[in-house]
Structure formats: structure tokens, C-alpha cells
Amino acid sequence: MQLYAENGELIRTVNTDYRGNFNTIFSSSDQLLLRERLMITAKKVAKKESLPAYINVLPISGKTEQPTVPNEINGADYLISGQSEPYSVIRIKNIDGTLLWKFYASETGGISDGLPTTKGLREILVTADAFGKEESEPIKVKILDSKTTEAPKISSDVYNVNPIFTGTTVPGAQLIVHSLNGQEGYMFRTDGTFHIQSNDIYQPGDEFEIYAIARGQWQSESLIVKLLPSSVTKTKTPTVVTAAVYENGGMLTAQSDPYSIIFLKDKFGMVIDSEWSSFDGKANFSLTRENAQFNKEIFVSSLQKGLYESESVSVPIIPINDVTPKPTVVDTVYSYKGTFSVDTIPFAIVVAMDDKGNILDQRGADAQGKANMFIQRRILERISRFTVFAEGYGYEPSELVTVEVIPGWG
89 MQLYAENGEL IRTVNTDYRG NFNTIFSSSD QLLLRERLMI TAKKVAKKES
139 LPAYINVLPI SGKTEQPTVP NEINGADYLI SGQSEPYSVI RIKNIDGTLL
189 WKFYASETGG ISDGLPTTKG LREILVTADA FGKEESEPIK VKILDSKTTE
239 APKISSDVYN VNPIFTGTTV PGAQLIVHSL NGQEGYMFRT DGTFHIQSND
289 IYQPGDEFEI YAIARGQWQS ESLIVKLLPS SVTKTKTPTV VTAAVYENGG
339 MLTAQSDPYS IIFLKDKFGM VIDSEWSSFD GKANFSLTRE NAQFNKEIFV
389 SSLQKGLYES ESVSVPIIPI NDVTPKPTVV DTVYSYKGTF SVDTIPFAIV
439 VAMDDKGNIL DQRGADAQGK ANMFIQRRIL ERISRFTVFA EGYGYEPSEL
489 VTVEVIPGWG
């Protein structure tokens with residue numbers, strides 16, 4: 089679509105969407121006041137331009153109503169919200185009238201936008217400028233002073249090989265960690281503690297910047313962490329205490345130095361899972377079918393802070409060679425009471441399904457082979473029966489057991 093002044097001067101070209109609709113917004117800089125009407129034509133690839141249609145330019149009449157905004161805002165939130173006329177231009181100005189920022193109200197007139205900065209400002213002016221009207225009178229908004237977030241603290245030394253950052257910050261704050269010597273960085277919210285590990289190797293003396301931002305507060309001072317040289321010593325090779333890992337998943341316990349990271353990796357060195365070892369050096373893993381089915385073996389290694397990663401220990405994946413015994417549904421299932429228990433082999437996965445194959449519930453059995461199941465009442469009221477099967481580690485799925493749903497409470 090092409091918009092022209094009546095003298096043939098091209099003002100703007102606008103593309104339509106896939107339905108053939110288009111929209112465009114004019115501002116005061118387009119000087120529509122100098123024109124009485126616009127011409128608009130359509131032009132399609134390999135076709136001639138259409139005959140023009142005409143749009144009258146209406147004169148400005150009246151003033152825009154003042155926008156509804158808070159009398160004061162928190163400076164560190166950078167956010168101003170409120171209500172104005174639909175699609176009006178919202179202007180944020182310094183107290184001397186200098187324009188700081190502008191944006192558009194929504195189609196319902198809603199105002200919500202982040203300001204580029206409020207630091208150093210004590211007051212701002214907010215105006216609205218609706219189509220066909222003059223700019224509103226300004227509203228004065230007070231900028232409240234905000235606290236500065238307390239700087240995060242690092243609780244232990246950080247080394248250049250797979251550096252680990254451990255420490256504390258303000259609960260709920262957003263923590264930012266990034267390298268001053270490279271591109272790596274992290275950003276996440278914390279509960280007041282953080283434990284971040286990089287999988288890269290840096291040079292001794294490389295620096296990381298760490299800072300925090302709590303809601304409604306200014307960014308904290310930056311904490312600069314200089315990486316110490318790691319020992320050339322490798323972490324102690326972990327010991328696999330127990331392992332029963334099959335093609336459809338399994339369980340594994342490994343032991344290394346206390347509070348080290350223990351990794352499970354595939355043959356390509358990709359991390360399948362990782363856990364921090366406890367005070368006795370042990371870490372427990374529960375592997376899913378997705379973790380195990382494409383591997384013939386997995387590799388266990390560990391990493392202690394300030395040391396290189398240990399040698400790997402391989403754990404073979406055991407083929408499936410039997411079928412899970414048929415599970416037993418212990419309780420009668422009533423339509424108004426969706427709890428029941430199932431007996432199967434230890435640690436098996438128990439699944440309840442409807443006749444279309446939709447999973448109604450899925451639970452893991454405990455060490456005694458008991459799984460406590462629950463199906464929502466609204467589902468049980470719609471069905472007369474469902475099926476249950478179990479799948480144990482190292483076993484194929486069991487036969488299906490049909491369970492009748494009895495009406496009422498029981």
C-alpha cells in the first residue's frame with residue numbers, strides 16, 4: 089500500500105499482512121496539518137498500481153485528557169503504568185520539559201512501559217497525545233528514592249579450571265555473573281544462596297564480575313572475583329557403590345570426595361546428570377529410559393573445587409531380559425474417591441491409563457514395591473474402568489490390569 093499527498097508526493101509505503109490488512113501510525117512530524125486529504129493505492133507484484141482511494145485529514149479539535157498515572161513511583165522499578173486514551177502517545181519529560189522517553193498506549197488505553205532510567209531524577213512530567221487532539225496538560229510524578237541492593241558475597245576461593253562460585257545474596261534477587269575476559273555469563277533468581285559452575289577452563293588471574301538486583305532496589309555494587317590457579321592434581325576417581333542401570337533406566341550410587349560434583353556422562357562426554365556429593369562423599373542417581381536406552385555404558389567422574397576433573401569409571405548398561413510381573417491393585421476404586429495402592433516389584437514405575445491411552449497417573453513404587461496412586465474425581469465420574477501396568481528397571485512393561493470404577497464413595 090502506498091500513501092501519497094494530493095500533489096503525488098509519496099509519504100509512506102506499507103505492506104499488508106497475509107489477510108490483506110494493514111495499519112500505520114502517523115505522528116506530528118508527518119505534518120498532516122498541511123494536507124487536506126491523502127491518496128492511497130495498492131500495488132501487487134507483476135500488476136499495475138490500483139486507482140487511488142482518498143482519505144480526508146480531519147482537523148485537530150480539543151485537548152487530550154490527562155493520563156491516569158500514580159503520583160509517585162519507585163525509582164529503581166523503571167516502570168510507569170496507568171490509563172489513557174487508546175493509542176495515545178505517552179511522553180515522559182524532565183521537569184524542565186525536555187523529552188526523556190515516549191511510547192504508545194494500548195488499544196484499550198492501557199499504559200505500561202519501562203523508563204530508560206530514573207536515577208538522579210526527583211520528578212518527571214507525563215503527558216498524553218491522542219489522535220486528533222492536542223497534547224494533554226502534564227501530570228507531575230514524584231520519583232521515590234530506592235535502596236541499593238546489598239552486594240553478593242562469595243564464600244570460598246574460585247579457581248581457573250571449571251570455576252565454581254558459591255555464596256549468598258539477597259533472597260529473591262536476580263544474580264548476574266559474567267566473565268570480564270570472555271563472553272560467558274549467567275543470570276537467574278536465587279533463594280539467597282547460589283552455587284554456579286562453569287564448564288570452561290580460564291587463565292589464572294582472569295576476572296568475573298558478580299552483582300545482584302533485588303526488586304524495587306538499585307543494582308548492587310559489583311564484586312570482582314579473580315580466579316586462582318588450580319592444582320594440577322586431579323580429583324579422586326569416584327567409586328561406584330551400587331549400580332543397577334538397565335536399558336530402561338535404573339539407580340546408581342557413587343562416592344568421591346565430600347562436597348564434590350559427581351557427573352554421569354555418555355560416550356561423547358555429554359553430561360547426562362550431575363549431583364553434589366554429601367558430607368560422606370556419596371551421591372545418588374535415578375536414571376530414566378531416555379538417559380540409558382541409547383548407551384551401552386555410562387561414565388562416572390567427579391570434580392573437586394580447585395582440582396581437575398577425575399578419571400572416569402565406566403558402568404555397563406544391562407540389557408532388558410524379562411517382563412515385569414503383573415501388578416496387583418490392592419484397593420477398590422470408587423468414582424468419588426480416587427486414591428488406591430498398587431503392589432509391584434521395588435522401584436517400578438506404575439502407570440494408570442484410560443481406554444484411549446491417556447495417562448491418568450504415574451508413580452514410582454517404593455523399596456517394598458508399593459505405589460500410592462491418585463486419579464481425579466472428575467475423571468473417574470466419566471469412566472467406568474481404566475488399566476494399570478508396571479515397568480521395573482531391567483524389565484519389559486507388565487501385562488495390563490483392568491480396574492473397574494465403582495460408583496459412589498464406597
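With this note's numbering as the guide, the letters of the sequence shown map in order to residues 89 to 498.
A virtual CB, placed ideally from N, CA and C, is assigned to each residue, including glycine.
Excluding the five sequence neighbours on either side, which residues of its own chain have a C-beta within less than 8 angstroms of the C-beta of residue i, listed in chain order?
i: A93; result: I99, R123, L126, M127
i: L311; result: A239, P240, K241, I242, E297, I298, Y299
i: S390; result: T323, K324, T325, P326, A342, S344, D345, S348, I349, I350, F351, S365, E397, S398
i: N409; result: G482
i: E363; result: I349, I350, A371, N372, F373
i: V229; result: V157, P158, N159, E160, I161, I168, E211, I212, L213, V214
i: S423; result: R465, L468, E469, V493, I494, P495, G496
i: I471; result: D442, D443, V493
i: E385; result: K355, S402, V403, P404, I405
i: P485; result: V411, T412, F477, A478, E479
If you draw a straight line from the C-alpha of residue i to the C-alpha of residue j, how long is it?
i: I183; j: I199; result: 20 angstroms
i: G426; j: V102; result: 59 angstroms
i: P317; j: K355; result: 29 angstroms
i: T129; j: Y106; result: 18 angstroms
i: G273; j: A302; result: 19 angstroms
i: L488; j: T475; result: 6 angstroms
i: T257; j: V401; result: 37 angstroms
i: I227; j: I113; result: 25 angstroms
i: A440; j: R451; result: 9 angstroms
i: L340; j: I360; result: 13 angstroms
i: P174; j: T376; result: 53 angstroms
i: T490; j: I447; result: 14 angstroms
i: D454; j: P407; result: 23 angstroms
i: L268; j: S286; result: 14 angstroms
i: E309; j: I264; result: 12 angstroms
i: Q514; j: V133; result: Outside the shown range of the chain (89 to 498) lies residue 514, about which nothing can therefore be said.
i: G96; j: I143; result: 14 angstroms
i: D294; j: G208; result: 34 angstroms
i: M358; j: G445; result: 33 angstroms
i: H266; j: K353; result: 26 angstroms
Apply the 10 Å Cβ neighbour rule to residue i and answer buried if 16 or more other Cβ atoms are within range, or exposed otherwise.
i: G185; result: exposed
i: Q392; result: buried
i: T321; result: exposed
i: T412; result: buried
i: F276; result: exposed
i: L279; result: The sequence shown places Asp at residue 279, rather than the Leu named in the question. By the neighbour-count rule (16 or more Cβ atoms within 10 Å), D279 is not buried but exposed.
i: M461; result: buried
i: R179; result: buried
i: F435; result: buried
i: D368; result: exposed
i: P292; result: exposed
i: G415; result: The sequence as given places Pro at residue 415; Gly does not occur at that position. With 16 or more Cβ atoms within 10 Å of its Cβ, P415 is classed as buried.
i: L194; result: In the sequence as presented, Leu is not what sits at residue 194; that position holds Ser. By the 10 Å Cβ count, S194 comes out exposed.
i: L232; result: exposed
i: P449; result: Here residue 449 turns out to be Asp, not Pro, going by the sequence shown. D449 is buried by the Cβ-count criterion.
i: A261; result: buried
i: A216; result: buried
i: L187; result: exposed
i: V329; result: exposed
i: S319; result: exposed
i: I437; result: buried
i: G108; result: exposed
i: T237; result: buried
CB-CB under 6 angstroms to residue i, same chain, minus the five flanking residues each way: which ones, in chain order?
i: P204; result: W189
i: Y290; result: N248, L315
i: P501; result: The chain is shown only over 89 to 498; residue 501 falls outside these bounds and no answer can be derived.
i: T254; result: S243, S244, H283
i: D201; result: F191
Report all residues from its chain with a CB closer than 7 angstroms to the CB of residue i; omit the five preceding and five following residues, and keep chain order.
i: A164; result: S234, G304, Q305, W306
i: A218; result: T152, E173, S176
i: G220; result: L146, I148, S149
i: E223; result: T152, T215, D217
i: D419; result: F428, S429
i: T104; result: M89, F110
i: E225; result: Q154
i: Q456; result: P434
Give a yes or no on whether 8 angstroms exceeds the smallest Cβ distance from residue i to chain C.
i: K135; result: Of the chains in the structure shown, none is chain C; there is only one protein chain.
query: For the segment 390-408 against the segment 246-255, are there 3 or more C-beta pairs whose distance is under 8 angstroms?
result: Enough Cβ pairs lie closer than 8 angstroms, so yes.
- Query: Taking only runs of the beta strand (DSSP E) that begin and end inside the segment 389-425, which ones reach a length of at least 3 residues, in chain order?
  - Reply: For the segment 389-425, the full-length beta strand (DSSP E) segments reaching 3 residues or more read 401-404 along the chain.
Does the pairing of the segment 468-487 with the segment 328-340 give three or more beta-carbon distances under 8 angstroms? Touching, yes, given that three or more Cβ pairs across the two stretches are closer than 8 angstroms.
| message | So, does the segment 127-143 touch the segment 155-169, judging by three or more C-beta pairs under 8 angstroms? | response | They do not touch, by the three-pair rule.
Query raised in the report: Where in the segment 443-473 do unbroken runs of the beta strand (DSSP E), each at least 3 residues long, occur, reported from the N-terminal end onward?
Result: Taking only runs of at least 3 residues, the beta strand (DSSP E) segments lying wholly in the segment 443-473 are 447-452, 458-462.
Practice prompt. Decide yes or no for the touch test of the segment 376-388 against the segment 303-317: beta carbon pairs closer than 8 angstroms, at least 3 of them.
Written response: Result no; under three Cβ-Cβ pairs closer than 8 angstroms.
- prompt: Using 8 angstroms as the Cβ pair cut-off and three pairs as the minimum, do the segment 447-463 and the segment 426-435 touch?
  reply: Between the segment 447-463 and the segment 426-435, the count of Cβ pairs shorter than 8 angstroms is three or higher; the stretches touch.
*asked:* As an exercise, report each continuous beta strand (DSSP E) stretch of at least 3 residues that is fully enclosed by the segment 140-199, in chain order.
replied: Listed in chain order, they are 141-144, 160-162, 167-171, 177-181, 187-192.
- Just list the beta strand (DSSP E) runs in the segment 215-253, keeping only unbroken ones of 3 residues or longer that don't cross its boundaries, in chain order. Taken in chain order, the unbroken stretches of beta strand (DSSP E) that lie wholly in the segment 215-253 and span 3 residues or more are 227-232.
To test your reading of the DSSP string, which unbroken beta strand (DSSP E) runs of 3 or more residues are found completely within the segment 289-323? Secondary structure in the segment 289-323: the beta strand (DSSP E) runs of 3 residues or longer, each lying completely within the stretch, are 295-301, 311-314 in chain order.
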